[in-house]
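Heads up, the sequence shown stops at 649 in the numbering used here, and the numbers go up one at a time, no gaps.
Just so you know, even glycine gets a beta-carbon here, dropped at the ideal spot from N, CA and C.
Just so it is clear, the structure is predicted and the values come from calculations on it, not from any experiment.
Quick notes on the structure that follows.
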Amino acid sequence: MRPNPLIARAYLARGARLWFGVRVLGSAAIAFGGMSPLHLTFGATMLIVTASVALGLVDMRRRHERALLENLGVTRITCVAFTVVPALLGEVSISLLAGLQS
Numbered sequence: 548m549r550p551n552p553l554i555a556r557a558y559l560a561r562g563a564r565l566w567f568g569v570r571v572l573g574s575a576a577i578a579f580g581g582m583s584p585l586h587l588t589f590g591a592t593m594l595i596v597t598a599s600v601a602l603g604l605v606d607m608r609r610r611h612e613r614a615l616l617e618n619l620g621v622t623r624i625t626c627v628a629f630t631v632v633p634a635l636l637g638e639v640s641i642s643l644l645a646g647l648q649s
């Protein structure tokens with residue numbers, strides 16, 4: 548069963564905001580270390596994605612939204628997908644743009 552588009556849009560937007568915050572803070576730390584924040588290794592990229600997913604799931608738990616989402620038919624894997632998809636799309640787009648600049 549597909550989640551309601553209104554729910555999907557709200558949680559995907561929240562996932563994108565969380566990824567953006569993690570990416571900005573991670574890029575600032577990398578730039579402070581004297582490296583380029585655009586050219587990251589695969590491991591660093593996956594660390595950023597994992598951190599944003601973890602923060603998204605913690606945020607859902609903190610707001611006590613799991614029971615509501617499960618009552619609306621949204622599975623646990625869909626909750627994870629709401630945070631993984633924006634992070635992966637963002638990292639892929641940054642990698643593509645960084646590759647074009649090189």
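Subject >> Enclosing alpha helix (DSSP H) for M607 [first to last residue] >> reply: F589 to R609
Original post:
Excluding sequence positions up to five away, which residues of its chain have a Cβ less than 7 Å from the Cβ of G573?
Top reply: I595
Subject >> Beta-carbon proximity check, G603 vs G646, cutoff 8 Å >> reply: no
Subject >> CB of I554 within 8 Å of CB of L619, strictly >> reply: yes
Original post:
Where do the N-terminal and C-terminal ends of the alpha helix (DSSP H) with A584 fall, by residue?
Top reply: Checking the sequence shown, residue 584 turns out to be Pro, not Ala. Counted as a single uninterrupted DSSP element, the stretch harbouring P584 is not any alpha helix (DSSP H), since DSSP gives it neither H nor E.
Original post:
CA-CA distance, R564 and H586?
Top reply: 21 Å
**OP:** Report back the beta-carbon spacing between T592 and E638 to the nearest angstrom; my notes put them in contact at under 8 Å.
**Re:** 5 Å
Original post:
Are V631 and V605 touching if we call contact CB-CB under 8 Å?
Top reply: no
Original post:
Quick one: what does DSSP say P633 is sitting in, helix, strand or coil?
Top reply: Note: P633 maps to helix in three-state DSSP.
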